[in-house]
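The numbering used here puts the first residue of the sequence shown at 125, with every later residue one more than the last.
Here the structure is laid out as structure tokens; the discussion comes afterwards.
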Amino acid sequence: MNKDIITIPTAIVIAGIIVGCAIIYTRVPSQIVQKPAIQSGVININPVSGDDHIRGTPDADIIVVEFSDLECQFCKVFHATMQKVMSEYGTNGKVAWVYRHFPLSIHPKAQHEAVAPECAWELGGNDMFWRYTDKIFSITPSNNQLDLAKLPIIAQELGLDINKFNTCLASTKYDDKIQKQYQDGIRVGIGSVDNSGTPYSVLIDKKGNKVPLNGAQPYAVVKQLIDAMLAQ
Numbered sequence: 125m126n127k128d129i130i131t132i133p134t135a136i137v138i139a140g141i142i143v144g145c146a147i148i149y150t151r152v153p154s155q156i157v158q159k160p161a162i163q164s165g166v167i168n169i170n171p172v173s174g175d176d177h178i179r180g181t182p183d184a185d186i187i188v189v190e191f192s193d194l195e196c197q198f199c200k201v202f203h204a205t206m207q208k209v210m211s212e213y214g215t216n217g218k219v220a221w222v223y224r225h226f227p228l229s230i231h232p233k234a235q236h237e238a239v240a241p242e243c244a245w246e247l248g249g250n251d252m253f254w255r256y257t258d259k260i261f262s263i264t265p266s267n268n269q270l271d272l273a274k275l276p277i278i279a280q281e282l283g284l285d286i287n288k289f290n291t292c293l294a295s296t297k298y299d300d301k302i303q304k305q306y307q308d309g310i311r312v313g314i315g316s317v318d319n320s321g322t323p324y325s326v327l328i329d330k331k332g333n334k335v336p337l338n339g340a341q342p343y344a345v346v347k348q349l350i351d352a353m354l355a356q
């Protein structure tokens, strides 16, 4: 079986879920909900590795690999959705969450902001990466409006060595990593005709089946996709 695509019965079930939820959520403001798309064929995504930041157990039944921009308003909404997903599915090892950077050119501050949680990881480990990322999303107005002076303030509030953090933030040591993740997102299809942008996620089960999820989908949509994949 080609593990880059879901089986036909599962695809039908998942497609039905997405279509149904799209109808249910047509009354939700369009700036929050973006219509998901079932992608056929091979999903060319780099496998999860030690270079990734994972929230949850690496051997979870489903891994959600999200491509995100810290200044994207849709990403801010979806980040809260994924926090809710992890509160339900992460504690029992059903779902893990991988964050990959995809700073959009329309948000010039996003590239610099992407370095900040990497520096937090360097100084405080994986949990600190996630705490820092959570904090940025909780305070940013989005759309390139975060005051970059807040980046070291966040680090200080989280108990990081502020001098080491500022040195890291001013360096280019994580530029290649961020660019590599960005190019991975391009290969997946972000920015193509069918895939509008961030957030963009790929759900991967233990069999290697992959299901794409485009946009800041509501919790109910994500939950039903996860449940369908867990049931197959």
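Ideal Cβ positions, reconstructed from N, Cα and C, are used throughout, including at glycine.
Minimum Cβ-Cβ distance from residue i to chain B less than 8 Å
| i | result |
| --- | --- |
| N267 | Annotation note: the requested chain B is absent from the structure, which comprises a single protein chain. |
Residue i to residue j span [Cα, whole Å]
| i | j | result |
| --- | --- | --- |
| M353 | I178 | 20 Å |
| L284 | P342 | 34 Å |
| I187 | Q197 | 23 Å |
| I314 | K233 | 20 Å |
| N267 | I230 | 8 Å |
| Q280 | I260 | 13 Å |
| A344 | D329 | 19 Å |
Exposure label - residue i; buried when at least 16 CB within 10 Å
| i | result |
| --- | --- |
| P182 | exposed |
| R224 | buried |
| G214 | buried |
| I263 | exposed |
| V166 | exposed |
| L272 | exposed |
| E242 | buried |
| S211 | exposed |
Nearest neighbour of residue i, chosen from the options [CA to CA]
| i | options | result |
| --- | --- | --- |
| V172 | Q305, V166, Y256, Y298 | Q305 |
| K331 | Q356, L337, Q280 | Q356 |
| D258 | G217, G174, K200 | K200 |
| I350 | K218, D175, Q207 | K218 |
| I169 | K347, K334, N267 | K334 |
| G321 | Q307, G339, L327 | G339 |
| M252 | Q235, P265, I278, K274 | I278 |
Beta carbon of residue i nearer than 8 Å to that of residue j
| i | j | result |
| --- | --- | --- |
| A238 | L270 | no |
| Y256 | L228 | no |
| V189 | S316 | no |
| A240 | A184 | no |
| F202 | P336 | no |
| F226 | G309 | yes |
Q.
Between the segment 282-296 and the segment 240-254, can you find at least three pairs of beta-carbon atoms closer than 8 Å?
A. yes
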